[in-house]
Each structure stands twice: as C-alpha cells, then as structure tokens.
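Only one structure is covered here, and it is reproduced in the block below.
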Amino acid sequence: MQCQQWCNTRPALSRLIQLLSCPLCDSLMSDPCVLNNCNHHFCRRCIEWSISEKQASCPICLLPAWAKDVKSDRQIGTVIGCVSSMDSHILQGDDMEVLFLIL
Ligand SMILES: [Zn+2]
Ligand SMILES: [Zn+2]
C-alpha cells in the first residue's frame, strides 16, 4: 500500500521539481524571477547574466526582455523552499537510486 502511494508521489514530485527548475542552470531556482513579457522563470543570477552578457531577450522564447522586466517571484520562492526541504528528506532514504531513475 505504502509502495503504491510512493509510485504515484514520486513522478509528481519529479515533475514539480522540473517545473521549478531554472532552464539555464538546470537546478532549483535560487531567488526565482519572472519575466514580465512571457512569464518564464529563472534564477535572478542566471537571467541577469543572460540579459547582460547576451541578447536582451528571453533565452526560452526569445521575446525581448530587459533588466527592468525581471521581477522577483516570491510565491514561487516559497514553493521551492517547501519542495527542496521535502526533496532532501526523501533523498535521505535508501531508495535514492529509484528517485534518480525517475528524475
Ligand atoms: Zn539558474
Ligand atoms: Zn520567455
């Protein structure tokens, strides 16, 4: 019974982690930010670097994006805080390999 529940929870959790991951550095966003024009999310560090060092556009959809369009998203930050504490708790178990297979 317990195993059955995990089988459903883990793909959902890994999907959630995927959604909360920064497409630029491929890990959970730190200081998550959203672009005004297209609503794509990135770490503040990643998107600021991307906008200042490369073209002034979203790296995902290529819509124009400027430094002033980068806004902190505290709600996402709160969710990431919850997920990352849950994630490290799960990773402490013996089933670590299984989780990595799903991820
Ligand atoms: Zn990043
Ligand atoms: Zn975009």
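In mature numbering (1 follows the signal peptide of the UniProt record, and there is no 0), the protein residues as written are -27 to -1, 1 to 76.
Backbone N, C-alpha and C fix where the C-beta goes; we use that ideal spot for every residue, glycine too.
Inset, instruction - Name all residues in chain order for which at least one heavy atom of ligand 2 lies closer than 6 angstroms to the residue's CB. - result: My final list is Leu8, Cys11, His13, Cys31, Ile33, Cys34, Leu36.
Inset, instruction - Quick one: residues with CB closer than 5 angstroms to any heavy atom of ligand 1, in chain order, please. - result: Counting every residue whose Cβ lies closer than 5 angstroms to a heavy atom of ligand 1, we get Cys(-6), Leu(-4), Cys(-3), Cys16, Cys19.
Inset, instruction - Taking the CB atoms as reference points, tell me whether tryptophan 39 and isoleucine 53 lie closer together than 8 angstroms. - result: Start at 1 with the first residue of the sequence shown, and residue 39 comes out as number 66. Start at 1 with the first residue of the sequence shown, and residue 53 comes out as number 80. Not closer than 8 angstroms, so no.
Inset, instruction - Take isoleucine 33 as the anchor and find which of Ser58, Val7, Ser57 has the nearest alpha-carbon. - result: The residue given as residue 33 occupies position 60 in the sequence shown. Ranking Ser58, Val7, Ser57 by Cα distance to isoleucine 33 puts Val7 first.
Inset, instruction - Please check the pair proline 5 and aspartate 42, which I expect to be a contact at CB under 8 angstroms, by giving their CB distance rounded to whole angstroms. - result: Translated into the one-based positions of the sequence shown, residue 5 becomes position 32. Translated into the one-based positions of the sequence shown, residue 42 becomes position 69. At roughly 15 angstroms, the Cβ-Cβ gap does not stay under 8 angstroms, so proline 5 and aspartate 42 are not in contact.
Legend entry - Cβ neighbour criterion (16 or more within 10 Å) applied to leucine -9: Here residue -9 is taken as the residue at index 19 of the sequence shown, counted from 1. So leucine -9 counts as exposed.
Inset, instruction - Would you identify the three-state DSSP class for cysteine 31, choosing helix, strand or coil? - result: What you label residue 31 is simply residue 58 of the sequence shown in a count that begins at 1. Note: cysteine 31 maps to coil in three-state DSSP.
Inset, instruction - Please report the residue range of the alpha helix (DSSP H) in which cysteine 16 lies. - result: To locate residue 16, count along the sequence shown from 1; it is residue 43. No alpha helix (DSSP H) contains cysteine 16, which is instead part of the beta strand (DSSP E) from 14 to 16.
Inset, instruction - Measure the CB-CB distance between asparagine 9 and proline 37 and report whether it falls below 8 angstroms. - result: Translated into positions along the sequence shown, residue 9 becomes position 36. Translated into positions along the sequence shown, residue 37 becomes position 64. In this structure, proline 37 does not lie closer than 8 angstroms to asparagine 9 by Cβ.
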